[in-house]
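To start, the structure under review is shown below, and the notes come after it.
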Amino acid sequence: MIVMNDELDGFVTTASLHVLPASHVSYVAGSAIKAYINSSSSPTATILFKGTVVGLPEAPQVAEFSSEWHCALLRSAHPDWSPAAIKSAIMTTANLNNLGDKPISDQQFVQATVFDMGAGHVNPAGANNPGLIYDIQPDDYIPYLCGLGYSQRGGTYSAGHSDMLK
Numbered sequence: 001m002i003v004m005n006d007e008l009d010g011f012v013t014t015a016s017l018h019v020l021p022a023s024h025v026s027y028v029a030g031s032a033i034k035a036y037i038n039s040s041s042s043p044t045a046t047i048l049f050k051g052t053v054v055g056l057p058e059a060p061q062v063a064e065f066s067s068e069w070h071c072a073l074l075r076s077a078h079p080d081w082s083p084a085a086i087k088s089a090i091m092t093t094a095n096l097n098n099l100g101d102k103p104i105s106d107q108q109f110v111q112a113t114v115f116d117m118g119a120g121h122v123n124p125a126g127a128n129n130p131g132l133i134y135d136i137q138p139d140d141y142i143p144y145l146c147g148l149g150y151s152q153r154g155g156t157y158s159a160g161h162s163d164m165l166k
């Protein structure tokens, strides 16, 4: 069985369980296979696995899914860090370029936008030793919101601190 990505998945092969023997191919490869099948009355083909390719200059790419494992790794390495510090370390050390020093692309090989990749591709080694982190606590937002002119009357206040926004 040949499993083909849909067009939105592009060149990213998603991790999924196949209960039958299957080859999972990109949308472009699947489209070429379908065109070949439709062009012949008795199509035959062989798909060979030629190994895993690593270190391509296009790597990394933004996949349709994301992982949260990096937060757990940082939390175990730095148990004294707050959630804000962990977020800061991840965001300020993220990579915006691929291994070929070009902007990261999405699964269609189009330059990824901030909506595709957020702060960028997580750099676990960099996040573990970021040099500088921004550590903000919920109480730190109160003076900021007051400075912006928000008030309890305007409908914006922090639970337990409504007296500060008057």
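Mapping the sequence shown onto full-length UniProt numbering, position 15 (from 1) lands on 15, and the numbers just tick up by one.
Note that beta-carbon positions come from the ideal geometry of N, C-alpha and C, so glycine has one too.
I'd like to know whether the C-beta atoms of residue i and residue j end up nearer to each other than 8 Å.
| i | j | result |
| --- | --- | --- |
| Lys128 | Leu74 | The question names Lys, but residue 128 in the sequence shown is Asn. In contact: Asn128 and Leu74 (Cβ atoms closer than 8 Å). |
| Val19 | Ile2 | no |
| Asn123 | Asn95 | yes |
| Asp116 | Asp106 | yes |
| Ile90 | His121 | no |
| Ala77 | Asp135 | no |
| Ala45 | Leu99 | no |
Within 10 angstroms of its Cβ, does residue i collect 16 or more other Cβ (buried), or is it exposed?
| i | result |
| --- | --- |
| Ile133 | buried |
| Thr93 | buried |
| Ser82 | exposed |
| Ser88 | buried |
| Thr156 | Bear in mind that the predicted position of Thr156 carries a pLDDT of just 48, short of 50, making it unreliable; the figure below should be weighed with that in mind. That one is exposed. |
| Gly30 | buried |
| Ala112 | buried |
Going along the chain, which residues of its own chain have a beta-carbon closer than 7 Å to the beta-carbon of residue i, five neighbours each way excluded?
| i | result |
| --- | --- |
| Pro43 | Tyr36, Ile37 |
| Tyr27 | Met4, Asn5, Asp6, Glu7, Asp9, Gly10 |
Spatial neighbours of residue i within its chain, please: CB distance less than 8 Å, with the 5 preceding and 5 following residues excluded, ordered by chain position.
| i | result |
| --- | --- |
| Ala15 | none |
Checklist entry - Residue ranges of each beta strand (DSSP E) run of no fewer than 3 residues wholly in the region 6 to 54, ordered along the chain? => result 23 to 25
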